[in-house]
Amino acid sequence: MKLGWDLKSGLNRKLRAWKAWDDPSSGEFTWGVELGSNPDIVMRKGETEYFRTGPYTGNMFSGVYGPRNNPLYEYVFINNKDEVYYRYTLRNASVITIIVMNQTLYLRHRLTWIPEAKAWTIYQSLPIDSCDVYNTCGPNGKCAIAGSPICQCLDGFVPKSSEQWNAMDWREGCVRSAEWKCGMKDRDGFRRFPTMKLPNSTFSWVNASMTLEECRNKCLMNCSCSGYSNLDTRGGGSGCSIWFDGKHGRRKKVIAVASAVGSLVFVMLLTFCIYMTKFK
């Protein structure tokens with residue numbers, strides 16, 4: 001399966017669900033590659049973002065959980081001047097597998113055929129849980145499915161609306177607990193968050209040759225920088241990804257929430273981290 005863009009022709013290959021089980025006309029539920037400085041795959045309900053895979057980090061998409069070396073299939077992600085696409089190939093040609101967009105439950109299923117049972121079984125479903133749904137905890141929020149409640153503010157932040165937050169309506173997210181002023185280098189720093197999905201890459205900048213230290217300094221010099229990480233996690237990490245707050249133009253919030261954290265992540269996710277501005 002080849003999913004993504006032919007940049008020369010403008011062709012965009014994406015999956016789109018039926019409008020209903022008994023209506024094969026085009027529905028609103030889609031799955032496709034979205035372009036940007038660091039493309040990823042986005043699930044949408046109409047125009048609303050519902051799930052993001054996170055950017056590709058050299059081995060797999062940063063926000064999709066699974067073994068680095070999948071026993072069933074292998075990923076290929078191509079990003080060049082002519083094409084941006086994702087493809088998977090089966091390691092065992094005898095395996096029969098399909099991808100289904102479930103417009104009723106708003107899930108993307110990967111199904112595998114079991115010959116002995118003469119039935120399809122669900123190999124993977126996305127989103128996995130409430131924490132996997134985009135923006136569950138709002139800006140500057142983190143989500144842990146084993147937590148109670150599942151949403152918490154990042155360190156140094158408080159709920160924007162305590163009333164809504166206590167009612168478990170987390171969409172407004174969190175704001176800084178104290179005023180932040182750009183350019184105070186004696187107080188500016190970064191906090192390491194090692195088990196979180198990378199933020200939305202819509203407002204991001206990448207450089208494949210920078211070191212992580214150079215990336216950090218680049219972020220510090222820009223008042224709209226929200227955080228940074230390695231671009232590629234292979235071989236100990238390389239390159240630079242920097243996120244910006246495209247809405248406000250100031251270092252006010254994370255573009256996307258941190259999602260599906262805790263001990264449920266795999267080793268690859270533990271090798272990279274999000275750095276956020278720390279305020280004392």
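The numbering of the sequence shown is full-length UniProt numbering, which starts it at 1 and goes up by one. Note that beta-carbon positions come from the ideal geometry of N, C-alpha and C, so glycine has one too.
Residue burial classification, residue i (beta-carbon count within 10 angstroms, cutoff 16)
i	result
W5	buried
P127	buried
P199	buried
residue 361	Since the first and last residues shown for the chain are 1 and 280, residue 361 lies out of range.
C42	It is Val, not Cys, that sits at residue 42 in the sequence shown. Result: buried.
D40	buried
K197	buried
N135	buried
S94	exposed
Contact set for residue i: own chain, Cβ-Cβ below 7 Å, skip 5 residues either direction
i	result
Y73	Y88, T89, L90, R91
I98	L111
V100	H109, L111
CB contact flag (residue i, residue j, <8 Å)
i	j	result
S209	P55	no
K2	D82	no
S130	I150	yes
G58	D232	yes
S204	N38	yes
F244	S224	yes
Q103	F29	yes
R176	G156	yes
Y65	V133	no
Contacting residues, own chain, Cβ-Cβ under 6 Å from residue i (five flanking each side not counted)
i	result
G32	K14
D169	none
K19	S25, G27
R171	G138
F61	T53, G54
L107	S125
Residues near residue i in its chain [Cβ-Cβ closer than 8 Å; skip 5 each side]
i	result
N230	T57, L212, C215, G237, S238, G239, C240, S241, F272
L11	W5
Quiz item: Counting pairs of beta carbons, one from the stretch 150–167 and one from the stretch 120–140, are three or more of them closer than 8 Å?
Solution: yes
Quiz item: Which residue spans inside the stretch 74–124 form an unbroken beta strand (DSSP E) run of at least 3?
Solution: 83–90, 97–102, 107–114
Practice problem: Tell me the start and end of each unbroken beta strand (DSSP E) in the stretch 129–204 that is at least 3 residues and wholly inside, in chain order. | Solution: 141–143, 151–153, 157–159, 174–176, 190–193
Quiz prompt | Completely contained alpha helix (DSSP H) runs for the stretch 18–46, where each covers 4 or more residues | solution = none
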